[in-house]
Structures are given as structure tokens and as C-alpha cells.
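One structure is given here, and the rest of the page talks about it.
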Amino acid sequence: MKKLRNIAAIYSTILLLFSLLYFLLLQLPFKIYQNIIFYKGVALLVLTFLIFLVLIIAIIYIKRLLFEHLESFIAAILITFSLHLTLLVIFPVSIDRSLSISLLSYLSDNFNNKSCQGMSKKQLEKKLIQNYVIKNKAVDKRIKEQEIINFIEKKNNSCINITEKGNRYLKYSVIIQKLYNLELNQIK
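If you're matching positions, the sequence shown starts at 1096 in my numbering and goes up one per residue.
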């Protein structure tokens, strides 16, 4: 029972400390990948992982400690890393790119509209185009992002082409679409 408590304490402590460091790093003004949320999040997650790995190795080397629970420490770090990677993909990245979140936000802002407690479809379409696409520069953001990861390239500052790397990614996306039975009309 004591061994189980020790292992639970290891997992809980690693989860708490790893999470605190990761969330702290996310708040710092790093200019990693020009603030593309996914890449910045993954880079800082890897940095947090490496910091914890170095700390564990240093403690083992300096104090000759942790040998009894070494597997638990490493497993806790890997599980916490995986958990944060999953959460990064599910929440911040999805929210950043989500038309649904924008749609819900606009409806929430207009909840007190006397005529229908919301907006008409036409009003909503106009609001999404004006704010999500134009005001938030959604197209500019995606072009910049795709240039950074070399999926597209600009030629003569006016013509945007897909690169070979972009085409390979698109082919991979078709496989993922079929595996997960997704109905994404934009992927052919």
C-alpha cells in the first residue's frame, strides 16, 4: 500500500510541476514559429519535457536517488507530456481555428436581440465574413503559417503556389480522412 501511495505521489507531483512549468512557459513572450499556436505549444512542451528529464538525471547523478522509482518518474513525465499534447491539439488549436467558436461568440453577444434572441443566418454569415475572415485576417494568418512550414510559396508577390511538401501533406490528409471517416469536402 505504501508503494502504491509513493507511486501516486510521484505521478501527481510530476503532473502538477510539469503543468505549472509548461503553462508558465506558454505565458512568456517567446517568438517561436512566429506564434503559430500548435508549433509554439509543441516546442515549449518538448522544452518542458527536456527540462524534467535533465532534472531527473541530475538528481539521480548527484544524490544517487530515485533508482527505486525511476520507471515511475519517466512514465509520469511521458504520460504528462502526452496528456498536454492531446489537450493542446483538442483545445487551443481547435479554438484558434474554429468557426464554431466565432459563431457561438457572435450569437452570445446578440442574445438580447429583441427580434429573435440571436441573429438571422444572413446576419451571422455577414458577421463571420467581416470579423473572422476579414478583421482577424484569417486568410493572411493561414498563408503566413503555410509559408513558414513550407507548404506554399509566393511567386512575384501575387501568385501563391502549393509546394511539393504541401502536396505530400494533402495526400496524407486524404488517408487520414478515409481512416477517420471524415467528410471534408475541401480534401479531394
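We treat Cβ as the ideally placed atom computed from N, Cα and C, and that holds for glycine.
Asked	Found
First and last residue of the beta strand (DSSP E) that includes residue 1257?	1254-1257
Taking DSSP as the reference, what is the three-state secondary structure of residue 1250?	strand
Could you check if residue 1240 is buried or exposed, using at least 16 other CB atoms within 10 Å of its CB as the buried criterion?	buried
Which two residues bound the contiguous alpha helix (DSSP H) that contains residue 1152?	1132-1158
For residue 1222, is the classification buried or exposed, using 16 other Cβ atoms within 10 angstroms of its Cβ as the cut-off for buried?	buried
Roughly how many angstroms separate the alpha carbons of residue 1166 and residue 1260, rounded to a whole number?	39 Å
For residue 1157 and residue 1125, what's the separation of their Cα atoms in angstroms?	32 Å
How is residue 1262 classed by DSSP in three states: helix, strand or coil?	helix
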